[in-house]
Amino acid sequence: MIQLIRGFKDILPDETQTWRHIEDTAIALFQSFGFREIRLPIVEKAELFQRSIGEHTDIVEKEMYTFEGSKKELITLRPEATASVVRSYIQQKLYAKEPIQKLYTIGPMFRRERPQKGRYRQFYQINAEVFGIASPYIDAQLIFMLWTFFTRLEITGLSVQLNSLGCPACRPTFKEALASHLASKNGKLCSDCVRRQDKNPLRVLDCKVPSCQEVIGDAPSMADYLCEDCARHFTSVQSALASQGIPFTLNPRLVRGLDYYTRTAFEIQTNALGAQNAIAGGGRYDKLVKMLDGPEQPAIGFAIGLDRLVALVMQGLAQKELTPDIFIAALGEETREKTFEWSCALGLEGIRTEIDFSNKSLKALMKRAHRIGAANVLIVGTQEIEEGAVLLRNMQTKEQVAIPIEGMVNHIKKYLTTQDGVV
RNA sequence: GUGGGUGUAGCUCAGUUUGGUAGAGCACCUGGUUGUGGCCCAGGACGUCGUGGGUUCAAGUCCCAUCACUCACCCCA
Numbered sequence: 067m068i069q070l071i072r073g074f075k076d077i078l079p080d081e082t083q084t085w086r087h088i089e090d091t092a093i094a095l096f097q098s099f100g101f102r103e104i105r106l107p108i109v110e111k112a113e114l115f116q117r118s119i120g121e122h123t124d125i126v127e128k129e130m131y132t133f134e135g136s137k138k139e140l141i142t143l144r145p146e147a148t149a150s151v152v153r154s155y156i157q158q159k160l161y162a163k164e165p166i167q168k169l170y171t172i173g174p175m176f177r178r179e180r181p182q183k184g185r186y187r188q189f190y191q192i193n194a195e196v197f198g199i200a201s202p203y204i205d206a207q208l209i210f211m212l213w214t215f216f217t218r219l220e221i222t223g224l225s226v227q228l229n230s231l232g233c234p235a236c237r238p239t240f241k242e243a244l245a246s247h248l249a250s251k252n253g254k255l256c257s258d259c260v261r262r263q264d265k266n267p268l269r270v271l272d273c274k275v276p277s278c279q280e281v282i283g284d285a286p287s288m289a290d291y292l293c294e295d296c297a298r299h300f301t302s303v304q305s306a307l308a309s310q311g312i313p314f315t316l317n318p319r320l321v322r323g324l325d326y327y328t329r330t331a332f333e334i335q336t337n338a339l340g341a342q343n344a345i346a347g348g349g350r351y352d353k354l355v356k357m358l359d360g361p362e363q364p365a366i367g368f369a370i371g372l373d374r375l376v377a378l379v380m381q382g383l384a385q386k387e388l389t390p391d392i393f394i395a396a397l398g399e400e401t402r403e404k405t406f407e408w409s410c411a412l413g414l415e416g417i418r419t420e421i422d423f424s425n426k427s428l429k430a431l432m433k434r435a436h437r438i439g440a441a442n443v444l445i446v447g448t449q450e451i452e453e454g455a456v457l458l459r460n461m462q463t464k465e466q467v468a469i470p471i472e473g474m475v476n477h478i479k480k481y482l483t484t485q486d487g488v489v
């Protein structure tokens with residue numbers, strides 16, 4: 067037996083309803099906030115991610131699926147969407163027509179990590195990005211939209227974690243202060259953090275090793291080092307969020323995994339999925355467009371982890387099964403031609419119809435109809451065809467009525483609507 | 001990449017300690033009811049015991065390897 071690849075998964079019909087529901091909810095909401103869909107390739111040049119995400123991030127160092135293309139250039143299965151959106155914004159010169167672009171995209175991402183609950187090597191995200199707006203109000207609006215999204219999905223147990231990562235003007239000062247603090251605690255850091263200390267000291271703030279937690283406890287906080295502009299921006303975001311009643315927690319240790327973030331960073335966390343508690347995250351990346359050879363345009367965006375979200379939604383309400391309105395129980399080969407024709411005609415009318423083409427006893431057919439949850443069974447034997455009327459049985463009330471073959475589809479339509487009215 | 005747990009029927013699992021004819025419940029099929037579902041009763045089908053090797057007269061059971069799933073570390077959505 068050929069099995070699927072480690073860390074990948076099939077999404078079966080029992081789940082796809084939920085996926086579609088979530089995607090529909092997101093699309094409807096995002097569109098009301100002025101977002102338009104963009105669809106991008108799932109492969110890009112490796113360089114795009116190296117330059118945007120950062121050489122010294124775990125994603126780039128060890129998690130990307132990279133292979134050699136025909137002209138021996140390195141090609142990567144995208145590990146995230148923002149880089150591609152930015153690339154497209156620049157390459158297609160979307161800014162020329164209108165610098166302000168609000169875009170969303172839905173699709174798979176790939177990272178070679180050890181699979182775990184809520185973590186797959188191919189995982190799905192809904193991304194939303196806003197280009198060309200520097201105002202803190204868009205930060206707040208984006209978070210407001212994200213919060214509304216989860217509210218509409220009736221997800222509970224969520225929190226918004228908020229932080230500011232500063233900008234190139236103030237972050238270096240903070241990095242220095244942090245580095246000297248860490249250096250003073252030499253010997254108390256875990257091996258990973260010793261490595262991070264030089265390359266990316268901010269990451270140490272995120273470490274969960276108890277001994278590191280101690281060191282972090284009295285470490286300097288970014289909030290104390292924000293420059294005037296960043297501080298004002300951050301305050302405005304907070305008051306705008308508060309004015310909309312969005313509950314948020316200031317989390318000075320919230321660090322994004324990608325190097326391109328500046329200023330506002332946020333994450334939506336759940337308490338219901340074990341260790342994989344982040345179901346959405348994002349932030350501002352004001353320098354990235356320029357960094358990738360585009361114009362100087364500010365930007366902000368977020369990503370929602372669909373796999374985890376589906377798991378949450380499935381924990382809640384059971385999804386509605388799509389059950390047949392009509393099950394055609396055809397008795398014997400002599401009825402096949404007619405019942406086949408009717409099943410097509412009913413399907414055309416939007417009536418969910420199921421038919422069994424095998425030669426089974428009526429008992430077996432009734433059993434199957436019951437099993438798949440059919441609301442009604444159309445019983446058709448040679449006798450019915452001769453008499454010009456077939457039997458329609460309501461599986462719940464057990465009531466059976468004769469339906470004339472002449473104009474049958476209309477009769478059934480009428481019957482179903484009165485049925486809905488009664489129920 | 002590191003550590004723990006688990007792989008036996010379509011599903012949930014027992015059997016592994018102490019090697020000796022592969023099991024239960026649910027689901028499925030047939031019949032009881034000659035053309036009517038759910039409940040009941042009777043019968044039936046379904047397994048290379050994850051895979052490969054080894055030990056043994058004999059392996060689901062012991063040993064080695066390997067794969068997959070799973071949880072945690074790590075990372076992140």
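Sequential numbering of the first sequence, starting at 67, is according to the numbering used here.
Yeah, the Cβ is synthetic: ideal placement off N, Cα and C, and Gly gets one too.
Whole-angstrom C-beta distance between residue j and residue i, which should lie under 8 Å
i	j	result
residue 468	residue 482	Their Cβ separation, rounded to whole angstroms, is 16 Å, which puts residue 468 and residue 482 out of contact at 8 Å.
residue 440	residue 393	4 Å
residue 156	residue 352	Actually they do not touch by this definition, with Cβ atoms about 15 Å apart.
residue 194	residue 367	6 Å
residue 379	residue 88	6 Å
residue 174	residue 188	5 Å
residue 446	residue 435	About 13 Å; that fails the 8 Å criterion.
residue 177	residue 125	6 Å
residue 398	residue 448	6 Å
residue 478	residue 324	Actually they are not in contact, since the Cβ atoms of residue 478 and residue 324 sit about 57 Å apart, beyond 8 Å.
Minimum C-alpha distance to residue i - residue among the options
i	options	result
residue 518	301, 95 and 180	The first residue shown for the chain is 67 and the last is 489, placing residue 518 beyond what the model contains.
residue 365	202, 413 and 137	202
residue 461	451, 209, 431 and 377	431
residue 227	289, 332 and 302	332
residue 95	217, 401 and 398	217
residue 492	474, 223, 319 and 317	As shown, the chain starts at 67 and ends at 489. That puts residue 492 outside it, with no answer to give.
residue 245	269, 225 and 229	269
residue 475	412, 445 and 426	412
residue 316	294, 115, 289 and 322	289
residue 152	373, 92, 356 and 376	356
residue 161	76, 321 and 361	361
residue 76	321, 417, 373 and 170	373
residue 293	267, 239 and 251	239
residue 170	425, 296, 154 and 319	154
residue 312	282, 206 and 287	206
residue 480	427, 415 and 172	415
residue 318	91, 291, 118 and 112	291
residue 129	73, 93 and 82	73
residue 345	301, 221 and 391	221
residue 229	286, 296, 298 and 320	320
residue 300	112, 403, 282 and 204	204
Neighbour-count burial assignment, residue i, 16 or more Cβ in a 10 Å radius
i	result
residue 396	buried
residue 123	buried
residue 84	buried
residue 423	exposed
residue 388	exposed
residue 350	buried
residue 450	buried
residue 470	exposed
residue 410	exposed
residue 102	exposed
residue 115	buried
residue 487	Only weak support exists for where residue 487 lies, its pLDDT of 46 falling under 50; the coordinates are left without a value.
residue 371	buried
residue 420	buried
residue 79	exposed
residue 303	buried
residue 347	buried
residue 322	buried
residue 425	exposed
residue 484	exposed
residue 133	exposed
residue 334	buried
**Message:** Quick check for students: name the residue ranges of the alpha helix (DSSP H) that lie wholly in the stretch 225–262, counting only runs of 4 or more.
**Reply:** Within the stretch 225–262, complete alpha helix (DSSP H) segments of at least 4 residues are found at 237–250, given in chain order.
**Asked** Is the stretch 230–242 in contact with the stretch 325–333, if contact means three or more CB pairs nearer than 8 Å?
**Response** yes
**Asked** Looking at C-beta atoms only, is the number of pairs between the stretch 142–149 and the stretch 95–109 that lie closer than 8 Å three or more?
**Response** yes
**Asked** Just checking, does the stretch 188–205 make contact with the stretch 158–177 on the three C-beta pairs under 8 Å criterion?
**Response** Three or more beta-carbon pairs drawn from the stretch 188–205 and the stretch 158–177 are found closer than 8 Å, and the two stretches are therefore classed as touching.
**Secondary structure, beta strand (DSSP E): runs of 3+ residues fully inside the stretch 288–346** = List check, beta strand (DSSP E) in window: 314–316 and 328–336.
**Message:** Runs of 4 residues minimum, wholly inside the stretch 124–207: which ones carry the alpha helix (DSSP H) assignment?
**Reply:** 148–157 and 160–163
**Within the stretch 397–454, ranges of the beta strand (DSSP E) (whole runs, at least 3 residues)** = 419–421 and 442–446
**Message:** Can you confirm whether the stretch 306–316 touches the stretch 207–227 when touching is taken to mean that 3 or more C-beta pairs between the two stretches lie within less than 8 Å?
**Reply:** Taking 8 Å as the limit for Cβ pairs, the verdict is that the stretch 306–316 does touch the stretch 207–227.
**Asked** So does the stretch 171–188 actually touch the stretch 334–354, counting three or more Cβ pairs closer than 8 Å?
**Response** yes
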